[in-house]
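Participant: In case it helps, this note's numbering puts the sequence shown at residues 54 to 498. I'd like to ask you about the structure that follows.
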Amino acid sequence: MKIAMIGSGYVGLVSGACLADFGHDVVCIDKADDKVEALKAGRIPIFEPGLDELVAKNVKAGRLTFETALAEPVAAADVVFIAVGTPSRRGDGHADLSYVYGAAREIAASIRGFTIVVTKSTVPVGTGDEVERIIREENPQADFAVVSNPEFLREGAAISDFKRPDRIVVGIEDERARDVMTEVYRPLYLNHSPLLFTERRTSELIKYAANAFLAMKITFINEMADLCEAVGADVQAVARGIGLDNRIGGKFLHAGPGYGGSCFPKDTLALVKTAQDAASPVRLIETTVAVNDQRKRAMGRKVMAACGGSVRGKTVAVLGLTFKPNTDDMRDAPSLSIIQALIDQGAEVKAYDPEGIDQAKPLLDASVAFASGPYDCAEGADAVVIVTEWDSFRALDLSRLKSVMRQPVLVDLRNIYREDEVARFGFTYTGVGRPATAKDSPLGA
Ligand code: UDX
C-alpha cells in the first residue's frame, strides 16, 4: 500500500514509521522545513524509545521518506492519513480543527483514483462529515472515502502500543474502505488484534469516551487517596483490592499529582464542550476536569504541609518535570502548576528532569534553577519532591541524597518509595494516599 501521512508530529511520525515497518510505502509530510530536514538527516525531533531505530531501519529499506509538499505523495497514495495537531482552542476549550480542515482542503486537489482519507488526529464527532464535505467542495470529481481511525498510543510506549494494540477502531461510511483498512492493518489483524468496524461518528466518539473514562478512573483513585489520608487507609491497597475485580481492572489506578499530557486534559475538555453543545452534558467528566485542575495546585499545599506549613524562604528540589516518564513532553504537566504554586508561596525552586529540561524552561518562571542530576538538584534543599516517576529516581542513594540536603524532607507524589525504607535514612516522608504508618497490606502493594 502507498500511504501519505500528513503531519509528522508525535502521532504521524510513530504511525508512519510503524506502517512502513509493516511493509507499506510511507511518505511522512510536514510543513515545517526544519523538521523535514532533520528527519531526512536522521534526526528525530521527539523523544520516544525505539523510534530512532525504527525510522532509520525503514528509511534504509526505502519504505519511509519525508517531504514538505503533499501533492505528489497524495496523488500516489491509496491511503492518506491526517495526523495534524488538534490543540484546545484558546478561550473555549473546543478542539481547534483548523489544521485538520486545512489539510483536507490541500489534499482534495491532489487526489487521484480511489483514495481513503483517514483522520488519525483526535477529532470531535462530526469532523469526518466536515472533512468529506470540504474535499467534495474543493474537488467534486474526487473518488474518495473518509474514515475515522483514532490512535490510542501512550507516549513512551507508542511503538509497542501501535504494534500490539488492544484494538483498532475504524469508522467507515463507505463499504469500499473496509477492505483497504483491513489491508493497512493486515499484520495486526493476522496477529489477532481485534479490528473493530463502526460507523464514523461512533468511532470518533470511542476515542473521546476511552480517554475520558481513563481520566475519570485516575481522578477517582486520586480522590480515594485524599480520603485515605483523611481516614488512615492505604490507597495502594485500596487500588489493588478493587483492581482485582475484573470489572474494574487494576490499570490506571495509581494515585498521583493528577493527570497531564497532550491527550487527557485536551480531550476531556473537548468532550465536555461537544456534550454541552449537543445539550447532553457529561457531568462526570465536567467534574473530573475540575477535580484534576484543583488537584495539581493542591499538591503545592501538600509540599507546604510537609515543610512544616510554609515554604517561604525555603528551597524545594523538584525531581521530574515531564507529565510522565520516558518522554520529553511538558504539555499540561502537573509540575507546571505545582512549581508555580510553590513559587507563589515564596519558595525557591530547583528542578531536574532526565529529558524535559529544554521543553520546561520556557514554560516555567524565570526564577527556577535547573540542575544536572538529582543530587545536584537536592543540594541545599529543604525538601525533595518527586513529581514524575522516572526509573532513575526509583533507586536514589538516599544517604547521599540526605547528606546534600538542608532538611531531609521527601515528598513522593508518585508513591515510588515507602515510608519505612526512607525513614531509616532519617527522612520525613509524605506519599499520596498513604498514612505515615502504612504497613504492608495483606493484599500486597
Ligand atoms: C493517553 C492514553 O493512554 C492514550 O490511549 C491516548 O491515545 C493518549 O492519551 P498518554 O497521554 O501518552 O496517553 O499517557 P498515559 O500513560 O495514559 O498517562 C496520562 C496521564 O495520566 C499522565 O500524566 C500519568 O501520570 C497519569 N496517570 C496515569 C496517573 O496519574 N495514574 C495512572 O494510574 C495512570
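Glycine included, every Cβ here is placed at the ideal spot set by N, Cα and C.
When every heavy atom of the ligand UDX is checked, does at least one fall within less than 8 Å of the C-beta of Phe266?
Facilitator: Within the sequence shown, the letter at position 213 stands for residue 266. Checking the Cβ of Phe266 against the ligand UDX gives no.
Participant: Out of Asp74, Val79 and Ala109, point me to the one whose CA is closest to Ala91's CA.
Facilitator: Residue mapping note: residue 91 aligns to position 38 of the sequence shown, counting from 1. It is Ala109.
Participant: Compute the minimum distance between the beta carbon of Cys316 and the heavy atoms of the ligand UDX, and state whether it is under 8 Å.
Facilitator: Locating residue 316 in the sequence shown gives position 263, where the first residue counts as 1. For Cys316, the distance from the CB to the nearest heavy atom of the ligand UDX is below 8 Å.
Participant: Kindly examine the ligand UDX and report whether one of its heavy atoms sits closer than 8 Å to the Cβ of Ile439.
Facilitator: Numbered from its first residue, the sequence shown carries residue 439 at position 386. False, no ligand heavy atom lies under 8 Å from that Cβ.
Participant: For Ser68, is the classification buried or exposed, using 16 other Cβ atoms within 10 angstroms of its Cβ as the cut-off for buried?
Facilitator: In the sequence shown, the residue the question calls residue 68 occupies position 15. So Ser68 ends up on the buried side.
Participant: With a CB to CB cut of under 7 Å and the five nearest residues on each side skipped, what residues in its chain are close to Ser494?
Facilitator: Stepping through the sequence shown from its first residue, residue 494 is reached at position 441. Low local confidence applies: a pLDDT of 47 at Ser494 is under 50, so the model's placement there is unreliable, and no value is given.
Participant: Looking at Asn275 and the ligand UDX, is the gap between the Cβ and the nearest heavy atom below 8 Å?
Facilitator: Translated into the one-based positions of the sequence shown, residue 275 becomes position 222. It does: the Cβ of Asn275 is within 8 Å (strictly closer) of some heavy atom of the ligand UDX.
Participant: Out of curiosity, what's the CA-to-CA distance linking Ala211 and Asp182?
Facilitator: Residue 211 sits at position 158 when you count from the first residue of the sequence shown. Residue 182 sits at position 129 when you count from the first residue of the sequence shown. In a straight line, the C-alpha of Ala211 is about 28 Å away from that of Asp182.
Participant: Could you check the C-alpha separation between Val112 and Val344 for me, to the nearest Å?
Facilitator: Numbered from its first residue, the sequence shown carries residue 112 at position 59. Numbered from its first residue, the sequence shown carries residue 344 at position 291. Straight-line Cα distance between these residues: approximately 45 Å.
Participant: Can you confirm whether the region 213-220 touches the region 244-263 when touching is taken to mean that 3 or more C-beta pairs between the two stretches lie within less than 8 Å?
Facilitator: yes
Participant: Can you look up Lys367 in the DSSP assignment and give me helix, strand or coil?
Facilitator: Numbered from 1 along the sequence shown, position 314 holds the residue referred to as residue 367. DSSP, reduced to helix, strand and coil, places Lys367 outside both helices and strands of the structure shown, so it counts as coil.
Participant: I need the boundaries of the beta strand (DSSP E) containing Glu120, first residue and last residue.
Facilitator: Within the sequence shown, residue 120 is the residue found at index 67, counting from 1. Unbroken beta strand (DSSP E) run through Glu120: Leu117 to Glu120.
Participant: Would you decide whether Ala448 is buried or exposed? Buried here means 16 or more other CB atoms lie within 10 Å of its CB.
Facilitator: As a first step, residue 448 must be located in the sequence shown, where it is residue number 395. Around the beta carbon of Ala448, fewer than 16 other beta carbons sit within 10 angstroms, so the residue counts as exposed.
Participant: Judging by CA-CA distance, which residue of Arg165, Glu159 and Glu252 is the nearest neighbour of Glu191?
Facilitator: Counting from one through the sequence shown, the residue named residue 191 turns up at place 138. The shortest Cα separation from Glu191 among Arg165, Glu159 and Glu252 belongs to Glu159.
Participant: Roughly how many whole angstroms lie between the Cα atoms of Thr313 and Val371?
Facilitator: Residue numbering aside, residue 313 sits at position 260 when the sequence shown is read from its first letter. Residue numbering aside, residue 371 sits at position 318 when the sequence shown is read from its first letter. The question names Thr, but residue 313 is Gly in the sequence shown. Roughly 17 Å between the two C-alpha positions.
Participant: Under a Cβ-count criterion, where at least 16 other Cβ atoms within 10 Å of its own Cβ denotes burial, should Leu150 be classed as buried or exposed?
Facilitator: One-based indexing of the sequence shown puts residue 150 at position 97. The residue in question, Leu150, is buried, as its Cβ has 16 or more Cβ neighbours within 10 Å.
Participant: Could you check if Pro126 is buried or exposed, using at least 16 other CB atoms within 10 Å of its CB as the buried criterion?
Facilitator: If you number the sequence shown from 1, residue 126 lands on position 73. By the neighbour-count rule (16 or more Cβ atoms within 10 Å), Pro126 is buried.
Participant: Assuming Ala9 and Asp227 are in contact, meaning their beta carbons sit under 8 Å apart, how far apart are those beta carbons, in whole angstroms?
Facilitator: The displayed coordinates of the chain run from 54 to 498. Any statement about residue 9 would go beyond what the structure contains.
Participant: Below 8 Å, how does it come out for the region 350-365 and the region 456-469: are there three or more Cβ pairs, yes or no?
Facilitator: Segments in contact, yes.
Participant: Select from Val133, Pro240, Gly209 and Ala404 the residue whose C-alpha is nearest the C-alpha of Asn202.
Facilitator: The residue you call residue 202 lines up with position 149 of the sequence shown. Of the listed residues, the one whose Cα sits closest to Asn202 is Val133.
Participant: Could you tell me whether the region 134-141 touches the region 309-323, using the rule of 3 or more Cβ pairs below 8 Å?
Facilitator: yes
Participant: Pull up the distance between the alpha-carbon of Ala230 and that of Glu236, whole angstroms please.
Facilitator: Counted from its first residue, the sequence shown places residue 230 at position 177. Counted from its first residue, the sequence shown places residue 236 at position 183. Straight through space, the alpha carbons of Glu236 and Ala230 are spaced by roughly 10 Å.
Participant: Could you check what DSSP says for Val178 in three-state terms: helix, strand or coil?
Facilitator: Here the question's residue 178 lines up with position 125 in the sequence shown. Note: Val178 maps to coil in three-state DSSP.
Participant: Kindly indicate which residue of Gln398, Ala263, Asn468 and Thr168 has the alpha-carbon position closest to the one of Asp232.
Facilitator: Here residue 232 corresponds to residue number 179 of the sequence shown, with the count starting at 1. Nearest C-alpha to Asp232: Thr168.
Participant: Given that a residue counts as buried once 16 or more other Cβ atoms are within 10 Å of its Cβ, and exposed if not, what is Ala114?
Facilitator: Along the sequence shown, read from residue 1 onward, the residue named residue 114 stands at position 61. Ala114 is exposed by the Cβ-count criterion.
Participant: Quick check on this structure: which residue in Val178, Thr121 and Val325 has the alpha carbon closest to the alpha carbon of Glu252?
Facilitator: Within the sequence shown, numbered from 1, the residue matching residue 252 stands at position 199. Looking at the Cα atoms, Val178 is the closest of the given residues.
Participant: What's the call for Lys93, buried or exposed, on a 16-neighbour Cβ count within 10 Å?
Facilitator: Here residue 93 corresponds to residue number 40 of the sequence shown, with the count starting at 1. By the neighbour-count rule (16 or more Cβ atoms within 10 Å), Lys93 is not buried but exposed.
Participant: Per DSSP, what are the beta-bridge partners of Lys403 in this structure?
Facilitator: Sequence index remark: in the sequence shown, residue 403 carries index 350 (1-based). For Lys403, which the question treats as bridged, DSSP gives the partners Ala370 and Ala422.
Participant: Can you tell me whether Asp149 is helix, strand or coil according to DSSP?
Facilitator: Here residue 149 refers to the residue found at position 96 of the sequence shown. Coil at Asp149, not helix or strand.
Participant: May I ask you to report which of helix, strand or coil DSSP gives Ala263?
Facilitator: Counting from 1 along the sequence shown, the entry for residue 263 is found at position 210. Ala263 falls in the helix class under three-state DSSP.
Participant: What is the residue span of the beta strand (DSSP E) that Ser445 lies within?
Facilitator: Here residue 445 is taken as the residue at index 392 of the sequence shown, counted from 1. Ser445 -> no beta strand (DSSP E), and no H or E assigned at all.
Participant: Would you check whether the ligand UDX has a heavy atom nearer than 8 Å to the C-beta of Phe376?
Facilitator: Against the sequence shown, residue 376 aligns to sequence position 323. True, at least one ligand heavy atom lies under 8 Å from that Cβ.
Participant: Which term fits Asp145, buried or exposed, when burial requires 16 or more other beta carbons within 10 angstroms of its beta carbon?
Facilitator: For the purposes of this step, residue 145 is taken as residue 92 along the sequence shown, with counting starting at 1. Exposed: under 16 other Cβ atoms inside 10 Å.
Participant: Run through the region 375-399 for me and flag every whole alpha helix (DSSP H) of 4 or more residues, listed as ranges in chain order.
Facilitator: Whole alpha helix (DSSP H) segments, 4+ residues: 387-397.
Participant: Given a cut-off of 9 Å, decide if Leu454 and Tyr428 are closer than it, judged by their beta-carbon atoms.
Facilitator: Locating residue 428 in the sequence shown gives position 375, where the first residue counts as 1. Locating residue 454 in the sequence shown gives position 401, where the first residue counts as 1. Yes, Cβ-Cβ distance for Tyr428 and Leu454 is below 9 Å.
Participant: Select from Asp74, Thr175, Gly399 and Val284 the residue whose C-alpha is nearest the C-alpha of Ile259.
Facilitator: Against the sequence shown, residue 259 aligns to sequence position 206. Ranking Asp74, Thr175, Gly399 and Val284 by Cα distance to Ile259 puts Thr175 first.
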